[in-house]
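Visitor: Please read through the structure below; I'll follow up with questions.
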Amino acid sequence: MLNSDIGPADMPESETVVETESGQPAHVTKRSRKKPILLASAAIVLFAGGIAFGTVLPDPKTSEAYASLADEKSTVEIERDAALSSYATLKGKFDTLERGMASRESKVAAREAEVGKADAAVKSAEAAVKVREEAVTGAEKTKAANTIGDGTWTVGTDIEPGTYRTAADVGSSCYWGIYATGSNGSNIIDNDLPGGGRPSVALSAGQDFKSTRCGKWEKQ
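No gaps in the numbering here: position 19 of the sequence shown is 77 in the working numbering, and each next residue is one more.
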């Protein structure tokens with residue numbers, strides 16, 4: 059920066075000849091004002107030149123490079139916005155699918171629980187049926203073991219002691235007899251030709267029981 063502060067000491071001195079009252083010439087020293095004027099003029103020129111230089115500089119926004127960068131920036135922003143929009147769309151679809159999957163998984167879990175309960179009920183029913191079947195089978199086996207037909211049976215060996223009754227009404231030709239075991243039918247304890255109805259007999263150990271044309275006898 060130019061220093062325009064010029065004091066009286068900085069002004070150059072010059073001599074001037076003047077005539078005194080006595081008519082004698084005298085030398086008078088005067089300070090010169092040319093130097094301050096020149097310095098001020100130089101400062102004004104430099105200041106004006108700076109202003110002129112600043113006004114003639116081109117605006118960077120009007121350059122091709124700036125315009126190209128601005129276009130690239132705009133393109134990148136458009137691509138960024140498009141990518142963000144695509145991401146938002148995809149995320150929305152993903153969230154929807156995720157919620158749908160969670161809902162379906164919940165429904166599947168509920169159905170699996172129902173199926174599990176149904177399986178448990180079926181297994182329980184099957185177990186109950188098996189128990190009944192075993193009971194029926196056991197009863198049938200017991201009934202079969204305690205049921206006899208025509209023939210001669212030794213009580214205590216072939217059949218259990220007890221009371222036996224025909225399973226159905228007998229015909230007129232039905233005959234039954236109770237004998238002492240080992241007598242070969244010669245020692246008759248009791249016998250009958252009932253001729254109808256459902257006759258019953260009481261059998262004890264040491265007896266033989268003979269049935270002819272009476273059908274099935276069941277232990278009571």
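C-beta atoms are modelled at their ideal positions from N, C-alpha and C, and glycine is treated no differently.
#1: Under three-state DSSP, which class holds THR224?
#2: Could you give the uninterrupted runs of the beta strand (DSSP E) lying entirely in the stretch 166-230, keeping only those of 3 residues or more?
#3: Ignore the nearest five residues each way along the sequence and tell me which others in GLU218's own chain have a CB closer than 7 Å to its CB.
#4: In three-state terms, what does DSSP make of LEU251?
#5: Taking the straight line between their C-alpha atoms, what separation do you get for ASN249 and ALA225?
#6: Please identify the residue among VAL187, LYS175, ALA193, SER241 whose C-alpha is closest to the C-alpha of THR210.
#7: Assign ALA238 to one of three DSSP states: helix, strand, or coil.
#8: Would you please state the rounded distance, in angstroms, between the beta carbons of TYR237 and ASP266? I believe it to be under 8 Å.
#9: Below 7 Å between beta carbons: does that hold for VAL213 and ALA263?
#10: Do you know offhand how far GLY174's Cα is from LYS188's?
Guide: Walking through what the data contain:
#1: Walking along the sequence shown from the start, residue 224 turns up at place 166. If DSSP states are grouped into helix, strand and coil, THR224 belongs with the strands.
#2: The qualifying runs are 209-212, 220-224.
#3: Locating residue 218 in the sequence shown gives position 160, where the first residue counts as 1. For GLU218, same chain residues with a beta-carbon under 7 Å away, outside a window of 5 residues either side, are ASN204, LYS277 in chain order.
#4: Taking the sequence shown and counting its residues from 1, one reaches residue 251 at position 193. Looking at LEU251 - three-state DSSP - the assignment turns out to be coil, as it is neither helix nor strand.
#5: Reading the sequence shown from its first residue, position 191 is the one you call residue 249. Reading the sequence shown from its first residue, position 167 is the one you call residue 225. Cα to Cα, the separation comes out at about 18 Å.
#6: For the purposes of this step, residue 210 is taken as residue 152 along the sequence shown, with counting starting at 1. When only C-alpha atoms are compared, the closest one is SER241.
#7: Taking the first residue of the sequence shown as position 1, residue 238 is located at position 180. Collapsing the DSSP output to three states places ALA238 in a strand.
#8: The residue labelled residue 237 in the question sits at position 179 within the sequence shown. The residue labelled residue 266 in the question sits at position 208 within the sequence shown. Right, the Cβ-Cβ distance comes to about 5 Å (below 8 Å), so this counts as a contact.
#9: Walking along the sequence shown from the start, residue 213 turns up at place 155. Walking along the sequence shown from the start, residue 263 turns up at place 205. In terms of Cβ geometry, VAL213 and ALA263 form a close pair [threshold 7 Å].
#10: Locating residue 174 in the sequence shown gives position 116, counting from the first residue. Locating residue 188 in the sequence shown gives position 130, counting from the first residue. In a straight line, the C-alpha of GLY174 is about 21 Å away from that of LYS188.
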